[in-house]
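Colleague:
Residue numbers (the numbering used here): 1 to 159.
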């Protein structure tokens with residue numbers, strides 16, 4: 001594997017050329033099987049990445065966010081729920097549980113999808129264990145058709 005470093009860019013200030021480090025970039029080589037590279041190239045085209053570097057950066061960030069959720073103490077994310085709002089006492093159970101976890105809930109949004117189904121989006125921030133516990137408890141309420149947790153980051157530790 002080889003590494004090269006490039007530093008970006010020059011700016012002009014009062015007719016004097018001054019150099020500012022905008023970002024420190026490193027180039028390195030990666031060896032991949034042709035078949036795997038072809039699959040990766042299809043993947044980045046399907047997701048409209050402009051180049052492989054952007055796709056690699058996103059994959060790396062994704063893994064770093066997983067690490068934050070496994071080892072960190074302040075994370076963010078969103079819990080989404082689909083449920084039938086006609087189900088007896090379901091909305092009260094969801095609301096009561098959200099009040100129990102108000103320490104990690106930033107906001108909620110309730111959306112009527114059709115006459116029967118609602119989408120609830122719960123923005124969360126806090127300890128990963130508490131957020132996962134809340135997610136599991138919400139998903140397990142009888143009448144919730146689907147629930148998922150989108151794990152993200154507070155943004156402090158990712159570039």
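Yeah, the Cβ is synthetic: ideal placement off N, Cα and C, and Gly gets one too.
The model shown is predicted, which means the values in this text are computed figures rather than measured ones.
Between the C-alpha atoms of residue 82 and residue 49, what's the straight-line distance to the nearest angstrom?
Modeller: Cα-Cα distance, rounded: 31 Å.
Colleague: Is residue 106 helix, strand or coil when you go by DSSP?
Modeller: Of the three classes helix, strand and coil, the one that applies to residue 106 here is strand, per DSSP.
Colleague: Alpha carbon to alpha carbon, how far is residue 139 from residue 146? Give it in angstroms, no decimals.
Modeller: Rounded to whole angstroms, residue 146 to residue 139 spans 7 Å at the Cα level.
Colleague: Go ahead and pull the three-state DSSP assignment for residue 99.
Modeller: Helix at residue 99.
Colleague: Return helix, strand or coil for residue 92, following the three-state DSSP convention.
Modeller: Looking at residue 92 - three-state DSSP - the assignment turns out to be helix.
Colleague: Quick check on residue 43: does DSSP put it in helix, strand or coil?
Modeller: Reduced to three states, the DSSP call for residue 43 is helix.
Colleague: Name the one or two DSSP bridge partners that residue 147 has.
Modeller: Per DSSP, 81.
Colleague: Once the 5 residues before and after residue 141 are set aside, which same chain residues still bring their CB inside 7 Å of it?
Modeller: Result list for residue 141: 90, 93 and 94, in chain order.
Colleague: Would you mind stating whether residue 79 and residue 154 have Cβ atoms separated by less than 7 Å?
Modeller: Not closer than 7 Å, so no.
Colleague: Consult DSSP for residue 87 and reduce its assignment to one of helix, strand or coil.
Modeller: Of the three classes helix, strand and coil, the one that applies to residue 87 here is coil, per DSSP.
Colleague: Going by the CB atoms, is the gap between residue 158 and residue 61 shorter than 7 Å?
Modeller: Against a cut-off of 7 Å, the Cβ pair of residue 158 and residue 61 comes out as a contact.
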